[in-house]
Amino acid sequence: MKKIPNKQPISENRINKIIDDPNVISKTLSQNEKILKEIFADTYDFEVRLIERSTYSNLNISYVIGLTDTKKLDDLVVRRALNDVFLESDDKIAQNRIYETVSSDIPDNWYDIMKGILNGDALIQFEGNAPRLLKLREIQTRSISEPTTEYQVFGPKIGFV
């Protein structure tokens, strides 16, 4: 029988220290990815995508599935990132191509990053540059409909929300 190792939850003090310290935001992808994975450790729908570029710096995109408009993310960011012209262009040109199509903010600290990601923004970072929050919010909603398994409903069919 395979033993599953106990995963120690990140301490609240460590999260508070990360959030409060503006100097913790690194320009390296691996450090920021590690911190993001610690913060969102138990979130099954948090995703980090790495886009590797042959001659220039790599690119990380972090977001929560269901809060971020993944269709826009794929069309406006990922498709451009996988384009041959993008892969061979220098970092400034590549960044400008993305930032001119999608509204973005430069976060000041990890609190702004967490708040942005939890509000549906996507965090994008080129290796060696500060991360940015792309405004790609999409709130998924469900419509009110009659239940399919209940054949006889007593009382109002639409409940209070």
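Take 724 as the starting number for the sequence shown in the numbering used here and just add one per residue.
By construction, the Cβ of each residue, glycine as well, lies at the ideal position given by its N, Cα and C atoms.
Keep in mind that this is a model prediction, so the values were computed, not measured.
Reference residue i, options the options, closest by Cα
{"i": "Tyr834", "options": "Ser753, Ser868, Phe763", "result": "Phe763"}
{"i": "Phe849", "options": "Tyr779, Ile840, Val787, Lys858", "result": "Tyr779"}
{"i": "Asp768", "options": "Thr751, Glu761, Leu790, Val801", "result": "Leu790"}
{"i": "Leu669", "options": "Arg802, Val801, Lys795", "result": "Absent from the model: residue 669. The displayed extent of the chain is 724 to 884, so no value can be given."}
Alpha-carbon spacing of residue i relative to residue j, whole angstroms
{"i": "Asn783", "j": "Asn832", "result": "18 Å"}
{"i": "Gly843", "j": "Glu823", "result": "19 Å"}
{"i": "Ile867", "j": "Asn781", "result": "44 Å"}
{"i": "Pro728", "j": "Ile816", "result": "For Pro728, the predicted structure reports a pLDDT of 44, less than 50, and the residue's modelled location is therefore unreliable. A value from the coordinates is still provided. Distance between the alpha carbons of Pro728 and Ile816: 45 Å."}
{"i": "Leu805", "j": "Glu775", "result": "9 Å"}
{"i": "Val801", "j": "Glu761", "result": "24 Å"}
{"i": "Leu752", "j": "Thr864", "result": "33 Å"}
{"i": "Lys726", "j": "Lys757", "result": "Any answer about Lys726 is weak, because its pLDDT of 42 lies below 50 and its placement is not dependable; what the coordinates show is given next. Their backbone Cα atoms lie some 25 Å apart in a straight line."}
C-beta atoms of residue i and residue j nearer than 9 Å
{"i": "Asp814", "j": "Asn852", "result": "yes"}
{"i": "Glu861", "j": "Asp765", "result": "no"}
{"i": "Pro854", "j": "Ile788", "result": "no"}
{"i": "Ile821", "j": "Leu799", "result": "yes"}
Other residues of its chain near residue i: CB distance less than 7 Å, five sequence neighbours each side excluded
{"i": "Leu759", "result": "Val771, Ser785"}
{"i": "Asn750", "result": "It is Lys, not Asn, that sits at residue 750 in the sequence shown. Result list for Lys750: Gly851, Asn852, Ala853, in chain order."}
{"i": "Leu773", "result": "Asn781, Asn783"}
Cut-off 8 Å between Cβ atoms - residues of its own chain near residue i, not counting five sequence neighbours on either side
{"i": "Gly839", "result": "Asp828, Pro830, Leu846, Leu856"}
{"i": "Gln680", "result": "Residue 680 lies beyond the residue range present for the chain, which begins at 724 and ends at 884; the question has no answer from this structure."}
Cutoff 6 Å; reference residue i; Cβ partners in own chain excluding five residues on either side
{"i": "Met837", "result": "none"}
{"i": "Val825", "result": "Leu799, Leu857"}
Entirely enclosed beta strand (DSSP E) segments - the stretch 816-863, minimum 3 residues
Segments of the beta strand (DSSP E) lying fully in the stretch 816-863: 845-849, 855-857.
Note down, one range per segment and in chain order, each alpha helix (DSSP H) of at least 4 residues found wholly within the stretch 743-817.
Counting whole runs of 4 or more residues, the stretch 743-817 contains the alpha helix (DSSP H) stretches 752-762, 802-805, 807-811.
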